[in-house]
Amino acid sequence: MKFKTYIFLGFFLGISLLFFLLSSLTFDSDPEIIFSPEVLTSQDYLNSANQWTISNNTDGSLYAEAGGLLLKSDGDPYLVYPIQFNYKKFDQLTITFYADKLVKLTIIPNVSTTGFGTFELVKEIKASDQFKETKISLHLPFFKDYINDLGVRLSSEQSANIVIQEISLKKMNPVELLVHGAKDYFRVAPYSGFTANLFPTPRVFGRSAMVYALPLILILIFIILYKKRFRKIAFLLLLVIWVLTDIRMSYESLAHNAADYKSFVQPSENERSLRTYDDFYQFSDWVQQNLVNNDINVNFYSSGSSHFPRLLQYLAYPLVIEPESQRAETYIIYNRSDITYNQADSRLYIGQELLSQAGEVVVNYNKNSFIFKETSNEF
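My numbering numbers the first residue of the sequence shown as 14 and each following residue consecutively.
Laid out in structure tokens, this is it:
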């Protein structure tokens, strides 16, 4: 029996080794290039009704640049292309570009209608002056049915010059698909405070990994209960699944710790960022240092986490925080690009709507964050 067990485990390890050897080989199918200087200047493209558009950006043009096309980004542009496909036709997108600022790349199916997305479709690309190829799997539930258009979002904290060389779509072969499934299993989702007391399952192709593992586990349990001849082998395979799951969970915890160290412990105080709170802890310290002594109540307007008002109330106690209010004379604004100070009448506006009485900006934290204090009782 031991001999048979060793043969079975040897076969299992041999298949695993073969899988990883195959994964190192490339089996490239012909991609369909949908964006490049050559494609966008071709007569077929110019005569086509399906063309790329740029939205949410002041400059809607592309400019010739060495090796690619330059997009002058305001900070959050969308490239939109009307194209119909599902993951049976194409299940991988490759984009080659560089930017002079850190850019968050997001692929959005049906961007002009539903615009759903997931963390698997997001990649952060560091600033560089060299082209970098980024591959993103589209083998996800969002692409199961035909989409009508595809969005490429290139967001950055500041204005950026982004040079795009090529965007292409292809169909992964079975080996590439298996390799990507393994990568999916070990991909760690971004930290979320809402999962602090939960154990989020790893995802493979956009679905819980248990969708694929549970049938195998049930089969092994059935063998253990009813097939004495293969009971040891089934126990060993269950142990392998158990150990692999534990390794994955430990890896996720360590990955979050490493991310915290790189973003909050290692950087200087002015560059720290903590998970979903960004630089809010530094901002709260700055608020307490710059408020005058007679400020007891403040109006607070922020973007980002809905916890910010309660968190500032805790950190700045005994200050009373009035979220989205106009009752107090002092306004604390945090990362609100839609709230501006009009020097002509010394008032705050939210979009085109009047927000405050006349006053002055006491001090600025950054472009979209500041403290404002009213000096007049008249609107």
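All residues carry an ideal CB built from backbone N, CA and C; glycine is no exception.
These figures come from a predicted structure and were not determined experimentally.
Any idea which residues DSSP pairs residue i with across the strands?
i, result
"Pro336", "Phe313"
"Ile384", "Ile345 and Val376"
"Gln105", "Ser150 and Lys183"
"Ser221", "Arg216"
"Phe110", "Lys145 and Ile177"
"Asn355", "Arg360"
"Phe98", "Ile160"
"Leu367", "Tyr362"
"Leu118", "Lys136 and Leu167"
Can you list, in chain order, the residues of its chain whose CB lies under 7 Å from that of residue i, leaving out five sequence neighbours each side?
i, result
"Phe277", "Arg285, Ser286 and Leu287"
"Ser36", "Bear in mind that a pLDDT of 44 at Ser36, under 50, signals an unreliable position, so the number given afterwards is only what the model happens to contain. So the qualifying residues of the chain are Val188 and Val192."
"Gly364", "Asp351"
"Asp292", "Arg285 and Ser286"
"Tyr225", "Val217"
"Lys102", "Lys184"
"Glu146", "Thr107 and Thr109"
"Pro215", "Tyr198, Ala222 and Arg261"
"Leu151", "Tyr100, Phe103, Asp104, Gln105 and Leu106"
"Leu75", "Leu82, Leu83 and Leu84"
"Leu34", "Unreliable positioning characterises Leu34 in this predicted model, as indicated by a pLDDT of 48, which lies under 50. The coordinate reading is nonetheless provided below. Within the same chain, Leu34 has no close Cβ partners at all."
"Ala140", "Ala112, Asp113, Lys114 and Leu115"
"Glu282", "Gln295"
Confirm, please, whether the CB-CB distance from residue j to residue i is below 8 Å.
i, j, result
"Ala173", "Ala77", "no"
"Glu387", "Glu335", "no"
"Leu118", "Ile138", "yes"
"Tyr314", "Ile352", "yes"
"Leu163", "Ile175", "no"
"Phe110", "Gln64", "no"
"Pro44", "Leu227", "no"
"Leu233", "Leu257", "no"
"Phe248", "Ile237", "yes"
"Leu82", "Ile149", "no"
"Val116", "Ser169", "yes"
"Tyr344", "Ser318", "no"
"Glu133", "Gly194", "no"
"Lys114", "Gln171", "yes"
"Ala271", "Gln301", "no"
"Val375", "Asn310", "no"
"Phe155", "Phe129", "yes"
"Val124", "Tyr91", "yes"
"Glu265", "Val165", "no"
Leaving out five residues on either side along the sequence, give the residues of the same chain with a beta carbon under 8 Å from the beta carbon of residue i.
i, result
"Leu38", "Residue placement at Leu38 cannot be trusted, given a pLDDT of 47 that sits under 50; what the coordinates show is reported in the next sentence. Correct list, in chain order: Val188."
"Pro322", "Phe313, Ser315, Ile334 and Pro336"
"Asp158", "Asn99"
"Glu373", "Ser359, Phe385, Lys386 and Thr388"
"Ser382", "Phe296, Ile346, Tyr347, Asn348 and Arg349"
"Tyr274", "none"
Note down, in chain order, each residue of its chain lying with its Cβ closer than 6 Å to the Cβ of residue i, except the 5 sequence neighbours on either side.
i, result
"Tyr204", "His269 and Arg288"
"Val135", "Thr119"
"Thr7", "The shown model of the chain, from 14 to 392, leaves out residue 7, and the question about it has no answer."
"Leu325", "Ser297 and Ile334"
"Asp308", "Thr343"
"Lys380", "none"
"Tyr58", "Val52"
Could you give the C-beta distance for residue i and residue j, rounded to a whole number, given that I count them as a contact under 8 Å?
i, j, result
"Val93", "Ser55", "Going by Cβ atoms, the distance from Val93 to Ser55 rounds to 19 Å, so no, they are not a contact pair."
"Asn60", "Asp87", "Wrong, their Cβ atoms sit about 30 Å apart, outside the cutoff."
"Ile160", "Ile47", "Not quite, the Cβ-Cβ distance comes to about 13 Å (not below 8 Å), so this is no contact."
"Leu153", "Thr127", "With 8 Å as the limit, Leu153 and Thr127 do not qualify as a contact, their Cβ atoms being about 14 Å apart."
"Phe144", "Gly80", "7 Å"
Comparing the C-beta of residue i with each C-beta of chain B, is any distance below 8 Å?
i, result
"Lys101", "Absent from the structure: chain B. Only one protein chain is present."
Whole alpha helix (DSSP H) elements within the segment 123 to 211, 4-residue minimum: 187 to 198
Which ranges does the alpha helix (DSSP H) cover as unbroken runs of at least 4 residues, wholly within the segment 225 to 313, from first to last along the chain? 244 to 273 and 293 to 303
Ignoring anything shorter than 3 residues or poking outside the segment 44 to 92, list the beta strand (DSSP E) runs there in chain order. 45 to 48, 66 to 68, 75 to 78 and 81 to 86
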